[in-house]
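Notes for the one structure printed next.
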Amino acid sequence: TIGMIAINSDGDMAVGTSTNGAAHKIAGRVGDSPLIGSGAYVDNEVGAACGTGDGDVLMKFLPSYQTVESMRGGKSPSEASEDALRRIVNKYPKFMGAIVAVSKNGDYGAACHGLDEFKFSYGSRKTNGINVESVKCI
Amino acid sequence: QSNYPLVINTWPFVKATEKAWQVLEKTDDPLTSVEQGCSVCEELRCDGTVGWGGSPDENGETTLDAMIMDGPSHDAGAVAGLKRIKSAISVARAVMEHTKHTFLVGDAATQFAVEMGFKEQSLSHIDSVDRYLKWLNNSCQPNFRLWVSPDPSLNCGPYQPVQPATNSDKTNANINQQSHD
């Protein structure tokens, strides 16, 4: 699955997701990726987030919406992503997934659970090409 | 203080990020940047978890889910269970731009895509066929069925429902870096 966020020179944002879902799923099963607020979400006045992982769990928590709302409340992208994941892990301790978030001013962060680390890639004028970063999972 | 423009995506899908960044630098259009970036992953079949030829279902078929959302207008479009169309996120954008709806699914989403000019074609690849055959030859493991007979942890279907005997741990141990949303 890919979840992506773009923010332009005016601070306008967009998000997108694309996936072929879980292998060997029951025919007709849909994960969280196409669900607005779960797979991804953007509020142009606040920021944007997108997630990846176990869509059968993720869709119950609208974690991308939650992350954006936490940024509205003053959390950084990393703090907001971690907060959204902790709400999931409290109910599903074996959950595997990650969230990437960008605030309105272009700050970004990520959080993950169920992996050793989570890698994501980004590009900006400050980077010389595309960079890959990783975060240690909670 | 602003740190934009910027593109960022889950997983180290560098080619997709590169494309999104190129489009953003050229057009300053975040919606097209996201669409084109994710489209690269659909074409490259990133990790086998994006695009055609990956994650076959119980019938061996690959179906696609995608969504796109525009910040300034708060408009969005999505498709799920999309069959026989490779460009899932572009179909999602078509839902956003050419309908008053938000979310289309299944064969009807395919019909819409064809009407919008997208080419209908098989989403099978030798990788997805091979993965499906290995799954069949491994007694259909891993398996997402629960409380059915025959025992889905040992057998393929067809299945019949049985009375749940205990609370179930529905955690998907089958979800990992090669199989996820």
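Sequence order for the protein chains is A and P.
The opening position of the first sequence corresponds to residue 1 in our numbering, with each subsequent residue numbered one higher.
The opening position of the second sequence corresponds to residue 1001 in our numbering, with each subsequent residue numbered one higher.
Each residue gets a CB set at the ideal place from its N, CA and C atoms; glycine is no exception.
### Query
What number of angstroms, rounded off, separates the C-alpha of residue 65(A) from the C-alpha of residue 47(A)?
About 10 angstroms.
### Task
For residue 23(A), write down the residues that DSSP places opposite it in a beta bridge.
Beta-bridge annotation (DSSP): residue 23(A) is not paired with any residue.
### Query
So residue 1077(P) and residue 1094(P) are in contact, right, with Cβ under 8 angstroms, and what is the actual spacing, rounded?
Indeed, because the Cβ distance is near 7 angstroms, the residues count as touching under 8 angstroms.
### Message
Closer than 8 angstroms is the cut-off here; do at least three beta carbon pairs connect the stretch 69-89 of chain A with the stretch 12-31 of chain A?
### Response
Result no; under three Cβ-Cβ pairs closer than 8 angstroms.
### Query
Expressed to the nearest angstrom, what Euclidean distance is found between the alpha-carbon atoms of residue 1064(P) and residue 1051(P)?
Their backbone Cα atoms lie some 7 angstroms apart in a straight line.
### Task
Reducing DSSP to helix, strand and coil, say where residue 104(A) ends up.
Looking at residue 104(A) - three-state DSSP - the assignment turns out to be coil, as it is neither helix nor strand.
### Query
How many Å lie between residue 1031(P) and residue 1005(P) at the Cα?
Using only the alpha carbons, I get a separation of about 13 angstroms.
### Task
Could you please give the first and the last residue of the uninterrupted alpha helix (DSSP H) stretch that includes residue 82(A)?
Start and end: 77-91.
#### Entry: Within chain A, the residues that residue 1042(P) reaches when beta carbons sit closer than 8 angstroms
Chain A residues near residue 1042(P): 18.
### Task
Could you tell me which residues DSSP pairs with residue 1032(P) in its beta bridges?
Beta bridge pairing from DSSP links residue 1032(P) with no other residue.
### Query
Given a limit of 8 angstroms on CB to CB distance, which residues of the stretch 1136-1149 of chain P reach chain A?
Hits within the stretch, in order: 1140, 1142, 1143, 1144, 1145.
### Task
Find the residues of chain A that neighbour residue 1133(P), judging by a C-beta separation of less than 7 angstroms, and give them in chain order.
None at all; the shortest Cβ gap to chain A is about 12 angstroms.
#### Entry: Range covered by the alpha helix (DSSP H) that runs through residue 65(A)
Going by DSSP, residue 65(A) is part of the alpha helix (DSSP H) stretching over 63-72.
### Query
Straight-line CA distance for residue 99(A) to residue 1010(P)?
Roughly 8 angstroms between the two C-alpha positions.
#### Entry: Exposure of residue 1172(P), with buried meaning 16 or more beta-carbon neighbours within 10 Å
Around the CB of residue 1172(P), 16 or more other CB atoms lie within 10 Å, so the residue is classed as buried.
### Query
According to DSSP, is residue 59(A) helix, strand or coil?
DSSP, read as helix, strand or coil, puts residue 59(A) in coil.
### Query
So what does DSSP say about residue 119(A), is it helix, strand or coil?
Strand.
### Message
Let me see if you follow: with CB-CB separation under 8 angstroms, is residue 1096(P) close to chain A or not?
### Response
Closer than 8 angstroms to the CB of residue 1096(P) there is not a single CB belonging to chain A.
### Interfacial residues, the stretch 31-45 of chain A to chain P, with Cβ spacing under 8 angstroms
For the stretch 31-45 of chain A, the set of positions with a beta-carbon nearer than 8 angstroms to some beta-carbon of chain P reads 31, 32, 33, 34, 35, 36, 39, 40, 41, 42, 43, 44 in chain order.
### Message
Assuming the contact rule is C-beta atoms closer than 8 angstroms, residue 1149(P) and residue 1160(P) should be a hit. Round their C-beta distance to whole Å, please.
### Response
The Cβ separation is near 5 angstroms, so the contact holds.
### residue 1132(P) - containing beta strand (DSSP E), residue span
Unbroken run through residue 1132(P) is the alpha helix (DSSP H), 1126-1137; no beta strand (DSSP E).
### Task
Please list the partners that residue 61(A) has in chain P, where partner means a Cβ-to-Cβ separation under 8 angstroms.
By Cβ distance, chain P contributes nothing, its closest Cβ being about 13 angstroms from residue 61(A), past 8 angstroms.
### Query
For residue 1116(P), which of helix, strand or coil comes out of DSSP?
When DSSP states are grouped into helix, strand and coil, residue 1116(P) belongs to the coil group.
### Query
Which stretch, first to last residue, makes up the beta strand (DSSP E) that contains residue 1104(P)?
Run containing residue 1104(P): 1103-1105, per the beta strand (DSSP E) assignment.
### Message
Output needed for residue 7(A): all residues of its chain with C-beta closer than 7 angstroms, excluding positions within five of it in sequence on either side, in chain order.
### Response
So the list reads 13, 102, 106, once near-sequence residues are dropped.
### Query
So what does DSSP say about residue 1110(P), is it helix, strand or coil?
The answer is helix: DSSP assigns residue 1110(P) an H, G or I state.
### residue 1025(P) (DSSP reduced to helix, strand or coil)
It is helical.
### Message
In the DSSP output, what is residue 1149(P) paired with across the bridge?
### Response
As DSSP reads the structure, residue 1149(P) sits in a beta bridge with 1160(P).
### Task
Measure the CB-CB distance between residue 1033(P) and residue 1020(P) and report whether it falls below 8 angstroms.
In contact: residue 1033(P) and residue 1020(P) (Cβ atoms closer than 8 angstroms).
### Task
Examine chain P for any beta-carbon lying closer than 8 angstroms to the beta-carbon of residue 65(A), and answer yes or no.
Not closer than 8 angstroms to any Cβ of chain P, the Cβ of residue 65(A) fails to qualify, so no.
### Query
Where DSSP assigns a beta bridge to residue 136(A), which residues make up the other side?
Residue 136(A) is bridged by DSSP to 117(A).
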